[in-house]
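Taken in order, these protein sequences are the chains called A and B.
When we follow UniProt numbering, the leftmost residue of the first sequence carries the number 1, and every step to the right adds one.
When we follow UniProt numbering, the leftmost residue of the second sequence carries the number 1, and every step to the right adds one.
We put the beta carbon where it would ideally sit given N, CA and C, even for glycine.
Number of protein chains: 2
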Amino acid sequence: MYFLPQRMKPKEYLVEKCINFKGASAIIYLCLKFLKNLSTTKTDTVLYMRVIFCGKFSTYFHLCSWLWQKQPSYNHVYIPRLVAEGKTKKSSGDFHLDRLLPSTGWVRRAWQLSEDDLLSSTGLDAVVFMRIFTFSVKVFTVAAVIGIFILLPINYFGTQIHASDFVDIPNKSLDLFSIANVNDGSKRLWVHFCVVYFITAFVCYLLFIEYQHISSTRIAYFYASKPQPHQFTVLVRGVPVSRLGKFSESIRVFFMEYHSSTYLSHTVVNTPSRIKSLIEVPAAFVSFKTCYGAAVASDMRQSDNPTEWVTEQAPEPRDVYWPFFSPSFMQRWISKLVVVVLSIVLTVLFLIPVVFVQGLTNLDKLKTLFPFLKGILNITFVSQVITGYLPSLILTLFLKIVPPIMMLFSSMQGFSSYSRIERSACTKVLIFTVWNIFFANVLSGSAIRQLDTFLEPKNIPIKLAVAVPAQASFFIAYVVTNGWTSLSSEIFRVAPLLCTSVKNCVGSHDDEAQSLPFHSEVPRILFFGLLGLTYVFLAPLILPFLLAYFCLGYIVYRNQLLDVYEPRYETGGKLWPTVHNSTIFSLLLLQTLAIGIFGLKKLPVASTLILPLLIITLLFNEYCRKRFLPVFESHSAESVIKKDRENENDPTMPEFLEKLPTAYRDPALKPNQEYAGYRDHNTPLLSSV
Amino acid sequence: MYFLPQRMKPKEYLVEKCINFKGASAIIYLCLKFLKNLSTTKTDTVLYMRVIFCGKFSTYFHLCSWLWQKQPSYNHVYIPRLVAEGKTKKSSGDFHLDRLLPSTGWVRRAWQLSEDDLLSSTGLDAVVFMRIFTFSVKVFTVAAVIGIFILLPINYFGTQIHASDFVDIPNKSLDLFSIANVNDGSKRLWVHFCVVYFITAFVCYLLFIEYQHISSTRIAYFYASKPQPHQFTVLVRGVPVSRLGKFSESIRVFFMEYHSSTYLSHTVVNTPSRIKSLIEVPAAFVSFKTCYGAAVASDMRQSDNPTEWVTEQAPEPRDVYWPFFSPSFMQRWISKLVVVVLSIVLTVLFLIPVVFVQGLTNLDKLKTLFPFLKGILNITFVSQVITGYLPSLILTLFLKIVPPIMMLFSSMQGFSSYSRIERSACTKVLIFTVWNIFFANVLSGSAIRQLDTFLEPKNIPIKLAVAVPAQASFFIAYVVTNGWTSLSSEIFRVAPLLCTSVKNCVGSHDDEAQSLPFHSEVPRILFFGLLGLTYVFLAPLILPFLLAYFCLGYIVYRNQLLDVYEPRYETGGKLWPTVHNSTIFSLLLLQTLAIGIFGLKKLPVASTLILPLLIITLLFNEYCRKRFLPVFESHSAESVIKKDRENENDPTMPEFLEKLPTAYRDPALKPNQEYAGYRDHNTPLLSSV
């Protein structure tokens with residue numbers, strides 16, 4: 001770990017980072033004591049002493065917030081959605097003692113809710129989000145049973161570690177449960193081989209079922225929906241400059257010419273310029289009389305020049321991201337490229353500024369910079385906090401700002417909707433996490449040497465096979481500290497609670513319920529899935545911890561979706577392909593590791609026999625891409641025509657069509673009291689920071 | 001060269017192969033004498049003795065065929081298209097002495113023809129094919145001027161080769177003209193650096209102009225065309241089984257349901273089974289009343305299940321490839337994967353069977369196998385022919401069967417049209433040629449070591465930089481022998497002449513004019529373009545030879561397109577994206593080589609400064625892909641609607657629409673005399689072998 005102060009081990013470091021900042025509950029404390037009992041060397045003792053210190057502090061803090069949670073004065077922190085929907089009062093002001101007793105009612109309520117109820121109250125996106133948890137629980141229940149009852153005994157009764165290195169056993173007691181302890185060339189390794197095949201088959205089967213279920217739910221959801229503006233509208237970009245210099249006129253002429261029977265109206269997009277006047281942008285929302293008309297216009301290339309009259313399905317009106325309507329095809333394309341480069345640079349070079357800032361804040365440097373603090377810095381407690389706490393705090397702060405930065409990058413890519421931006425940011429954060437938490441931890445050595453490894457692809461399996469199992473205990477601690485504590489801070493809403501407390505002092509109030517930040521939550525959940533699948537046959541001890549994470553997460557997020565978060569948009573489950581692709585990547589990583597491990601363990605036949613599995617997994621992914629992905633990209637002719645026929649019988653249609661031309665009215669053109677809302681739209685990224 | 005008999009050098013080998021089989025004209029003979037004067041070592045003398053021997057033989061042969069060409073009895077060999085179109089008599093039978101005098105009239109005629117004339121007489125595909133030559137002539141005129149007048153003197157006045165190795169100068173006299181002779185670290189290398197930048201910019205500029213010109217020609221060609229069946233028709237595959245078990249009924253119901261206003265008729269595809277009865281395939285040609293109707297149906301996903309009701313633009317009726325209508329989505333997908341694997345295997349492992357067969361046919365083995373031939377084999381001339389001629393003949397024969405094999409592979413991929421199959425085969429043959437002629441020659445060592453090189457990407461530039469310049473003289477000889485002779489054998493039509501002579505003896509005649517075999521011709525031309533761009537700054541001596549090839553080719557193929565080949569289909573220039581991509585690949589290869597060369601020549605700054613150029617080239621390609629490629633994939637709404645309006649005023653439209661339902665009638669259902677034609681369709685691949 002090149003970004004750590006020299007004295008610290010990576011395990012020690014990240015555990016502390018997570019614990020310190022997030023806080024930990026009493027359960028975590030017990031679990032870490034169990035881990036501590038397994039491995040009791042001197043450095044580990046120091047580590048777990050710190051963990052206990054932080055754990056205690058966090059437990060008290062969380063307990064307090066648990067009690068606060070039941071006080072109506074914090075309703076807008078813990079049930080803001082219900083407050084916003086007017087289902088409960090904001091605050092009664094009174095203090096009741098019985099509210100200090102903990103209750104488990106919310107757990108029962110979150111558990112009993114059916115998927116249909118969730119769908120009707122929170123939309124399909126939330127349902128798809130929850131299916132990540134049900135999918136993961138299914139996978140890791142089976143994996144944990146196999147891991148604990150089959151692989152763990154095999155690993156434990158091996159003698160490899162005793163044979164090779166019998167002095168240092170206490171230090172490696174966790175390794176006794178990993179594949180490292182199985183003897184080289186042992187026939188028992190074939191059990192591990194079978195597990196790799198079985199897990200791949202099982203996960204692929206579940207992936208197929210999920211994709212099928214979600215895509216058919218998506219179609220049913222479309223059929224069942226009321227007529228909505230975005231179903232009748234396309235976004236047109238690259239409108240060529242007309243002779244009159246007015247985009248509006250040339251749009252009307254074009255669509256009257258080529259879509260005369262279905263064209264209804266259009267709204268040209270404006271952006272406010274610096275001098276407060278509005279500038280027309282060569283983009284417009286064009287509405288049609290039927291869904292079919294809109295679908296045809298968005299699916300077909302409109303103009304002979306492919307860079308003009310570029311159409312796409314319009315987002316929902318509430319989902320439109322107004323600020324960045326870049327004028328031309330070329331500008332959009334260049335900004336997209338710039339963003340890709342920036343994201344790669346941020347991902348690869350992220351650790352360099354972290355190390356630099358960490359280097360600035362060591363005790364000696366501080367003493368030189370601020371000589372007047374020398375007295376305070378010499379106190380043992382203060383110096384302990386600075387050496388132990390500050391580096392991890394810096395890393396944590398840097399990690400915290402990554403999702404907002406990625407959101408900012410995605411918003412510059414020229415996407416027209418907030419949902420598309422968030423989905424793109426989600427992918428970027430996921431890649432960032434996998435690279436900086438998994439690979440940077442696993443592969444030791446300098447950044448340049450890591451790049452070297454990836455320029456020699458055939459060495460990757462072996463290098464990973466050496467490095468990954470060695471980090472098993474670190475990642476177990478990571479799941480406990482980062483995963484479990486993130487759930488507890490999610491349910492106790494630490495950050496909003498602090499914000500509200502500060503605001504209460506200042507006297508201002510902000511009642512708007514926020515939407516679930518998919519771009520920071522989904523990557524974390526998917527990363528735990530990756531950890532689980534990667535370690536399933538290497539060190540199965542991680543599986544119960546992960547299973548607990550997913551079970552807790554299932555309850556916690558169901559509660560949050562019902563009470564806390566207000567959906568900001570509805571994409572009909574477009575998130576799932578990201579989840580699918582991430583899981584396929586995890587499977588490929590698992591197989592690459594298996595190839596390396598069996599090579600190291602002197603079972604080259606098994607190593608070779610994994611290759612067909614790798615190819616089959618790729619083929620499976622390709623098949624799913626053909627079979628299901630188009631459903632998430634556009635609606636079929638069959639769907640939209642059926643929908644149009646249903647709409648014909650809908651008595652609200654005339655009224656709906658009457659309102660349609662104003663659905664995409666630019667917020668900047670609305671009266672003043674609504675203009676505040678526009679300014680909110682204008683700065684969503686700052687508010688999400 | 002691992003596939004050669006031990007004694008032979010690669011240069012010697014391939015020159016001989018090409019010369020022996022193709023024959024060479026007197027000009028080639030002189031050119032090779034010039035090359036011989038440049039490098040006169042002992043082994044080279046042996047080589048060029050052989051060349052002269054073969055060259056003489058070929059010259060006589062070609063002279064004979066030139067004379068024959070003027071005899072009307074060979075009209076169906078030299079002007080089959082005119083014969084087929086009835087513009088000239090097949091054979092008069094008389095012999096006239098004045099016809100023995102050579103004429104140059106055809107050169108003037110081919111030269112004077114304007115592009116519009118060519119377009120009207122041979123279609124857009126032929127025009128696009130000819131634009132490969134005009135494009136290449138422009139590129140290599142500029143490149144040759146720069147190469148000969150700027151780079152060649154700089155190279156010649158360097159002293160690197162004298163300094164490093166002054167004993168062996170005669171053997172390396174060709175290298176004196178290459179970049180190898182410029183001193184390491186010399187500032188003159190910056191001239192080469194500028195040339196790399198200039199050539200890239202110039203080629204990109206030309207590529208852009210060409211793409212723009214061809215795409216606008218394509219659109220204009222569509223507007224100017226008469227109404228044609230394929231503009232009104234889509235091919236539907238994956239028709240689900242109806243309750244009645246009849247596809248025809250379920251197709252009618254589906255399109256009446258969802259395209260009631262534009263649907264006209266449909267024709268279900270049948271394939272003949274082994275027991276002579278017809279089997280309905282779940283595919284159909286569905287015709288519409290307007291182009292727009294067909295375009296909408298082909299651009300939109302039709303069904304909620306993306307693997308059912310899969311639509312695509314129909315090919316022309318004459319272009320439909322009937323034999324392989326694989327029933328299901330899954331089968332088509334699997335056969336495609338199998339074909340991809342087979343093509344890769346053929347490309348990578350091609351040289352293994354060649355070496356094996358070559359090993360079987362050496363003199364000693366033959367003596368053991370056929371003891372009774374011992375007397376004949378001991379004759380010096382026979383043994384010379386066998387040792388010198390047989391290995392190259394075997395390689396040539398193996399190379400000759402590659403294009404038909406690739407055609408066979410492509411036909412198994414489930415494409416619906418002959419044009420699509422040929423385009424796919426064209427790409428496959430191109431990749432095959434680049435790998436087996438360029439890389440296999442350039443990189444010495446075993447096949448496995450080559451693969452190793454490509455698994456370590458960062459070593460590629462250096463390895464190529466060492467290997468490629470060393471092969472300059474070999475590739476000059478390759479251009480002369482393979483390129484020039486292929487043109488001469490094209491104009492003299494050696495193979496058809498022999499076929500006809502044989503058939504004349506047997507007494508059968510086949511008057512059908514063949515179409516230009518794009519899949520074997522285009523890869524050769526593009527490969528010469530790759531050679532030229534690769535060697536432009538390494539060894540500019542190759543450029544005049546290439547320029548001569550492209551100038552000759554321009555005249556020869558214009559003549560062939562007018563008189564010999566009958567277009568089998570018209571795709572509207574869909575070939576050009578392949579040409580564009582191939583040229584971009586050549587530029588990237590040039591830049592990769594430049595990175596390696598400047599590294600070797602101790603000018604690392606130049607090496608680094610090439611990197612931005614590489615990225616800019618990739619971006620340029622990406623931009624072209626967005627800007628022009630869609631034009632080649634489908635027609636825009638604007639195009640088809642304008643076309644429909646024009647058609648409304650066309651008096652022939654009612655008659656056309658009346659005939660439309662029968663345009664895609666299965667040849668198997670036509671009366672007997674037409675069934676012969678069907679059998680031809682059924683075996684196009686055997687006839688093209």
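At a C-beta separation below 7 Å, Asp116(A) has no neighbours in chain B, since its nearest C-beta there lies roughly 21 Å away. Note on geometry: alpha-carbon atoms of Tyr549(A) and Ile437(A) lie some 18 Å from one another.
As computed with DSSP, Val234(A) is found in a beta bridge with Val286(A), Gln313(A). For the pair of segments examined, the region 257–267 of chain B was found not to touch the region 329–345 of chain B: the number of CB pairs separated by less than 8 Å stays below three.
Under the 8 Å Cβ criterion, the region 471–489 of chain A counts as touching the region 524–532 of chain A, having at least three qualifying pairs.
Residues of the region 291–304 of chain B that bring their beta carbon within less than 7 Å of a beta carbon in chain A comprise Ala295, Val296, Asp299, Met300, Arg301, Gln302, Ser303, Asp304, in sequence order. Taking a 10 Å sphere around the C-beta of Arg627(A), we find 16 or more other C-beta atoms and assign the residue as buried. CA-to-CA, the gap between Thr534(A) and Val434(A) works out to about 12 Å. With contacts defined by Cβ atoms closer than 8 Å, Thr290(B) and Thr311(B) do not form a contacting pair. Rounded to the nearest angstrom, the Cβ distance from Thr617(A) to Gln591(A) is 7 Å, consistent with a contact under 8 Å. Counting C-beta pairs closer than 8 Å gives three or more between the region 130–138 of chain B and the region 539–559 of chain B, which meets the contact rule. Within chain B, no residue has its beta carbon less than 7 Å from that of Pro403(A); the closest one is some 28 Å off. C-alpha of Arg318(A) to C-alpha of Leu603(B): approximately 57 Å in a straight line.
Look at Val268(B) here: in three-state DSSP terms it is strand. For Lys626(A), the nearest beta carbon of chain B is closer than 8 Å to its own beta carbon. For Trp576(A), the number of other beta carbons within 10 angstroms of its own is at least 16, and it is reported as buried. Taking all protein chains shown into account, Met300(A) has 16 or more neighbouring C-beta atoms within 10 Å of its C-beta and is therefore buried. For Leu124(A), no chain B residue has a Cβ inside 9 Å of its Cβ, as the nearest lies near 16 Å away.
Nearest CB-CB separation between Ser636(B) and chain A: below the 8 Å threshold. Runs of alpha helix (DSSP H) with 4 or more residues, each lying fully within the region 468–552 of chain B, are found at 472–478, 485–492, 494–506, 518–535, listed in chain order.
Contact annotation: the region 177–192 of chain B does not touch the region 564–581 of chain B, with fewer than three C-beta pairs closer than 8 Å. Taking every protein chain shown into account, the CB of Tyr664(B) has 16 or more other CB atoms within 10 angstroms, so this residue is buried. Here the alpha carbons of Ala594(A) and Tyr223(B) stand approximately 59 Å from one another.
Within the DSSP secondary-structure output, Tyr263(B) pairs in a beta bridge with Phe288(B). Taking 7 Å as the Cβ-Cβ cut-off, the region 238–260 of chain B approaches chain A at Tyr258, given in chain order. Cβ neighbours of Gln413(A) within its own chain (closer than 6 Å, five residues either side excluded): Lys336, Val339. In the structure shown, the three-state DSSP call for Ile279(A) is strand. With contacts defined by Cβ atoms closer than 8 Å, Arg131(A) and Asp563(A) do not form a contacting pair. Under the three-state reduction of DSSP output, Val564(A) falls in the coil class, being neither helix nor strand.
The alpha-carbon of Val145(B) is positioned some 13 Å away from that of Ala539(B).
With contacts defined by Cβ atoms closer than 8 Å, Thr347(B) and Phe432(B) form a contacting pair.
If you check each beta-carbon in the region 637–664 of chain B against every beta-carbon of chain A, the ones closer than 8 Å belong to Ala637, Glu638, Ser639, Ile641.
Residue contact check for Leu363(A) against chain B: no CB pair falls below 8 Å. By the neighbour-count definition (other C-beta atoms within 10 Å, threshold 16), Gly359(B) is an exposed residue. With respect to the 8 Å criterion, Ala314(B) and Val234(B) are classified as neighbours on the basis of their beta carbons.
Take Val402(B), set aside five residues on each side of it, and the residues of its chain with a beta-carbon closer than 8 Å to its own are Leu346, Phe350, Val429, Phe432, in chain order.
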